[in-house]
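Engineer: Structure incoming, see below.
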Amino acid sequence: MKALAVTLEGLENITQLDIKEILKLKSEVIYKGCISFNVKAEKDLAEFIYRSRSIVRAFLLLKHFTFNDIDDILDNIKDLEFPYLDDTFVVRCERNGAHGFNSQDIERNIGEFIAKKFGIKADLDDAKTTVFLEIIDNNCFIGIDFTGIKLSKREYRIKLLASSINPVVAYSMLRLSDASPEDSILDPFSRSGEILIEAVLFFKNIPNCVNIKEKLLFNKLFKVSFKDKIKELKNPSIVCSDNLQNNLRAAEINAKIAAVNKYINFTRLEIEWLDTKYKEKSIDKIITFPIYPSNNLPEKSLEKIYKEFFYNSEYILKKSGTITLLTPKKDLIEKYSNEYKLKKIKEVPITMGNSRFYIMIFKK
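Counting from 1, position 308 in the sequence shown corresponds to residue 308 in our numbering; the numbering is continuous, with no gaps.
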């Protein structure tokens, strides 16, 4: 049977890595943010959802097709056989792109069709089975939802900032950096702490849904249990720093909720003092989301911070160390990194909402 995992556009390779590590399966990117893979049993898809840190959702895929309008969608599903339709059902739709209809139109029309064809009752509040449509541009993916919630909304994130990073992106940055538990890791623009919280959770092999398993929709369809193998993390060198006390406090609270605060050292520090806090060539990985220009923060005001960041990073990085950062302003990052002879070795463009960001990796 075929499954579909949905992630952010640009991070498909990270989800493929998760599929390979968790299920030992091959996968295929079939559209932006959409990865298909074959599972032998429903419980395999359930386990992937339970463990993966890189996905927004995943579901049992019944059909993938392209369409022109809502009538095309109805035409494409009229002969589909839907599993698990033995009780109440509901139709849910996530839609991205320009269409002559909205998600509610899809939910209503598909719901009416299923109710009439199969003679079962819709229940908008507590249905046993959720028929799910992921519509992106003129591509439609329809199936049975095993998730029910956005997995990018981690339960530990109770202190959010306007500048908080999406945890799926934070996890992906960690994987792209190739960081290991033995590395000394620094996030000098910690914001609300997601990057290093995700690092510890990954290093300890803690499943993403360990505390919310009962909320996942596959529980309504079948019973399944998983065996967790939590790893020890001995003497980690993981430092979360920020120049704003409010940011640091948010990071500390979130880390405590995630039960990983004892593995992270929190410190308030201005970027200009990095070279006094850390010895030369002492850090393996810098993974961070620097502040960037906006309407309220002109580029000129950040010049000093960017110069100090790259100057100090070059000083404290080990010879084999790397900087992995997220930015919507790649030209600005390249401008200042070049001043300090840092070489860009990787660039991954990603899409968050309607905005383009870049994960960039530099070495000495």
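Quick reminder that beta carbons are idealized off the backbone N, C-alpha and C, glycines included.
Is the segment 215-230 in contact with the segment 319-335, if contact means three or more CB pairs nearer than 8 Å?
Structural biologist: no
Engineer: Using only the alpha-carbon positions, how far apart do Phe141 and Leu244 sit?
Structural biologist: 43 Å
Engineer: Roughly how many angstroms lie between the CA atoms of Arg398 and Phe132, to the nearest whole one?
Structural biologist: Nothing in the structure corresponds to residue 398, since the chain is present only between 1 and 364.
Engineer: From Glu9, Glu12, Asp44 and Leu8, pick the residue whose C-alpha is nearest to that of Met1; which is it?
Structural biologist: Asp44
Engineer: Would you mind stating whether Leu80 and Phe118 have Cβ atoms separated by less than 8 Å?
Structural biologist: no
Engineer: Quick one: residues in its chain with C-beta nearer than 6 Å to the C-beta of Leu25, no 5 flanking neighbours on either side, listed in chain order?
Structural biologist: Closer than 6 Å at Cβ, skipping near neighbours: Ile19 and Phe37.
Engineer: Can you name the start and end residues of the alpha helix (DSSP H) that Phe118 belongs to?
Structural biologist: Ser103 to Phe118
Engineer: Suppose contacts are defined by Cβ-Cβ distances below 8 Å. Is Ala58 in contact with Thr130 by that definition?
Structural biologist: no
Engineer: Does the structure place the segment 163-171 close enough to the segment 180-198 that three or more beta carbon pairs sit under 8 Å?
Structural biologist: yes
Engineer: For Thr276, tell me which candidate among Lys262, Ile264, Lys341 and Ser313 has the shortest Cα-Cα distance.
Structural biologist: Ser313
Engineer: Enumerate in chain order the residues of its own chain whose CB-to-CB distance from Arg175 is below 7 Å, with the five nearest sequence positions on each side excluded.
Structural biologist: Ile14 and Leu17
Engineer: Determine contact between the segment 231-239 and the segment 258-270, defined as no fewer than three beta-carbon pairs at a distance below 8 Å.
Structural biologist: Contact holds: three or more Cβ-Cβ distances are below 8 Å.
Engineer: Below 8 Å between beta carbons: does that hold for Ile253 and Lys159?
Structural biologist: yes
Engineer: Find out if the Cβ-Cβ distance for the pair Leu4, Cys34 is shorter than 8 Å.
Structural biologist: yes
Engineer: On the three-state DSSP scale, how would you describe Ala162?
Structural biologist: coil
Engineer: Restricting to runs no shorter than 4 residues, where is the alpha helix (DSSP H) found entirely within the segment 214-261?
Structural biologist: DSSP runs (the alpha helix (DSSP H)) wholly in the segment 214-261: 245-257.
Engineer: By the DSSP assignment, the alpha helix (DSSP H) with Glu314 in it spans what residues?
Structural biologist: It spans Glu299 to Ile316 - the alpha helix (DSSP H) in which Glu314 sits, taken as one unbroken run.
Engineer: Any chance you could list the beta strand (DSSP E) runs of at least 3 consecutive residues sitting entirely within the segment 29-77, in chain order?
Structural biologist: 34-38 and 57-66
Engineer: Under 8 Å by Cβ, that's how I've got Phe101 and Ile70 pegged, so tell me the actual separation to the nearest angstrom.
Structural biologist: 5 Å
Engineer: For the ligand COA, any of its heavy atoms closer than 7 Å to the Cβ of Pro188?
Structural biologist: For the structure depicted, the ligand COA is absent and the ligand set is empty, with no information on it obtainable.
Engineer: What separation, rounded to the nearest whole angstrom, lies between the Cα atoms of Gly111 and Ile287?
Structural biologist: 45 Å
Engineer: I need the straight-line Cα distance from Val6 to Glu107, nearest angstrom please.
Structural biologist: 19 Å
Engineer: What's the call for Ala255, buried or exposed, on a 16-neighbour Cβ count within 10 Å?
Structural biologist: buried
Engineer: Label Arg356 either buried or exposed according to how many other C-beta atoms from any shown protein chain fall within 10 Å of its C-beta, with 16 as the threshold for buried.
Structural biologist: exposed
Engineer: Between which two residues does the alpha helix (DSSP H) holding Asp275 run?
Structural biologist: Leu274 to Lys277
Engineer: Could you work out which residue in Ile55, Glu182 and Arg154 is closest to Ile257 when comparing CA atoms only?
Structural biologist: Arg154
Engineer: Just list the residues that DSSP pairs Cys93 with in beta bridges.
Structural biologist: BP columns for Cys93 point to Leu133.
Engineer: Are the CB atoms of Leu62 and Gly143 nearer to each other than 8 Å?
Structural biologist: yes
Engineer: Ile149 and Asn96 - do their beta-carbons sit closer together than 8 Å?
Structural biologist: no
Engineer: For Ser177, which residues of its own chain have a beta-carbon under 8 Å away from its beta-carbon, when the five flanking residues on both sides are left out?
Structural biologist: Lys285, Ile287, Thr322, Thr324 and Ile361
Engineer: To the nearest angstrom, how far is it from the Cα of Tyr340 to the Cα of Lys279?
Structural biologist: 18 Å
Engineer: Buried or exposed for Ser52, going by 16 or more other Cβ atoms inside 10 Å?
Structural biologist: buried
Engineer: Below 8 Å on the Cβ atoms is my guess for Ser172 versus Ser54; work out the distance and round it to an integer in Å.
Structural biologist: 6 Å
Engineer: Of all the options Lys281, Ile359, Asp242 and His99, which has the alpha carbon lying nearest to the alpha carbon of Leu326?
Structural biologist: Ile359
Engineer: Could you spell out the range, first to last residue, of the alpha helix (DSSP H) harbouring Phe202?
Structural biologist: Taken as a continuous stretch (DSSP letters only), the alpha helix (DSSP H) holding Phe202 covers Glu194 to Phe203.
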